[in-house]
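Residue numbers (full-length UniProt numbering): 1 to 260. Cβ atoms here follow ideal geometry from the backbone N, Cα and C, with glycine treated the same way. To keep things clear, I will list the structure first and then write my remarks on it.
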């Protein structure tokens, strides 16, 4: 079954793995590829249960990281957006010799808000509501989540259009994978582990993001002082879609930094 995990690879240069977020698929990077492939060999994956990998069972963040490591380049930068950021972070912890640099985009080590620790994030009730809505109409639920991702962006309507085009260009995500993904967003907490990441790590945020509050960037400055951050002032949850040139420039500057 794992042989059906779908990868799209193009470009030349050092290896760069791109991991999409909840409800999406690897086509979400299509707009970015012309900016990246002249400089990097880019590998876009459809996570288990999504796109052309929709026949593969939805699994936990750790299991997805193991699966991707099994079929990814021996040495690469891993970039994960949103839920994909959890997968990339988990891979960096599991195999630091394989994940040479880490980039997380609009992501958090714990997506759900936690009142006991004053941690900012998605209200658990919102995630629970999405879980319930999945049972009624999973396509509508994904569309609502896309609207949330674009909310706050000056180009929200265009952002949603591009996200929707990516989803519709490949097979629909499996409802069980969507449900499992929401559970990961609700339950996973990597905060105790992020200080262990010693690879160069760039955290990218949209200042207008309604799902991953930008103040989390400051929290991570303390939890992971070895990392660096980039905040896009006019972006929301998908800065690589709303600001592709600015996003690519920041990414290339990070990747072109010499290793210590």
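Burial state of residue i, where buried means 16 or more other Cβ atoms lie within 10 Å
i           : result
residue 343 : Residue 343 falls outside the range modelled here, since the chain spans only 1 to 260, and no answer is possible.
residue 215 : exposed
residue 170 : buried
residue 267 : The chain is shown only over 1 to 260; residue 267 falls outside these bounds and no answer can be derived.
residue 136 : exposed
residue 107 : buried
residue 140 : exposed
residue 20  : buried
residue 177 : buried
residue 264 : Residue 264 lies beyond the stretch modelled for the chain, which goes from 1 to 260, so this question has no answer here.
Bounding residues of the beta strand (DSSP E) (the contiguous stretch that carries residue i)
i           : result
residue 176 : Note, residue 176: premise wrong, no beta strand (DSSP E); alpha helix (DSSP H) at 175 to 187.
residue 230 : 228 to 232
residue 19  : 14 to 19
residue 202 : 201 to 206
residue 76  : 76 to 81
residue 102 : 99 to 105
residue 11  : 7 to 11
8 Å Cβ cutoff met for residue i and residue j
i           : j           : result
residue 190 : residue 89  : yes
residue 286 : residue 15  : The question about residue 286 has no answer, for the chain in this structure spans 1 to 260.
residue 17  : residue 72  : yes
residue 47  : residue 66  : no
residue 236 : residue 209 : yes
residue 154 : residue 206 : no
residue 261 : residue 109 : The chain is shown from 1 up to 260; residue 261 falls before or after that span and cannot be answered.
residue 96  : residue 226 : no
residue 173 : residue 49  : yes
residue 131 : residue 182 : yes
residue 6   : residue 82  : no
Range covered by the alpha helix (DSSP H) that runs through residue i
i           : result
residue 61  : 61 to 70
residue 146 : 138 to 150
residue 120 : Segment: none, residue 120 is in no alpha helix (DSSP H) and carries neither H nor E.
residue 157 : 156 to 168
residue 191 : Here residue 191 belongs to no alpha helix (DSSP H), and DSSP marks it neither H nor E.
residue 37  : Counting along the chain, residue 37 falls outside any alpha helix (DSSP H), and DSSP gives it neither H nor E.
residue 252 : 244 to 255
residue 46  : Element bounds for residue 46: n/a, residue is neither H nor E.
Nearest neighbour of residue i, chosen from the options [CA to CA]
i           : options              : result
residue 280 : 241, 258 and 257     : For residue 280 there is no data in the structure shown, the boundaries of the chain being 1 and 260.
residue 118 : 199, 213 and 6       : 213
residue 233 : 221, 247 and 222     : 247
residue 112 : 188, 245 and 144     : 188
residue 104 : 51, 230 and 243      : 230
residue 194 : 24, 228 and 184      : 228
residue 12  : 6, 37, 4 and 177     : 37
residue 340 : 160, 175, 220 and 79 : Any property of residue 340 remains undetermined from this structure, which presents the chain solely from 1 to 260.
residue 43  : 55, 69 and 54        : 69
residue 219 : 244, 160 and 192     : 192
residue 243 : 204, 9, 144 and 221  : 204
Distance between beta carbons of residue j and residue i, contact taken as under 8 Å
i           : j           : result
residue 197 : residue 166 : Contact flag wrong, Cβ pair sits at about 29 Å.
residue 59  : residue 180 : 7 Å
residue 202 : residue 31  : So it is not a contact: roughly 20 Å between Cβ atoms.
residue 133 : residue 211 : About 16 Å separates the two Cβ atoms, so there is no contact after all.
residue 61  : residue 184 : 5 Å
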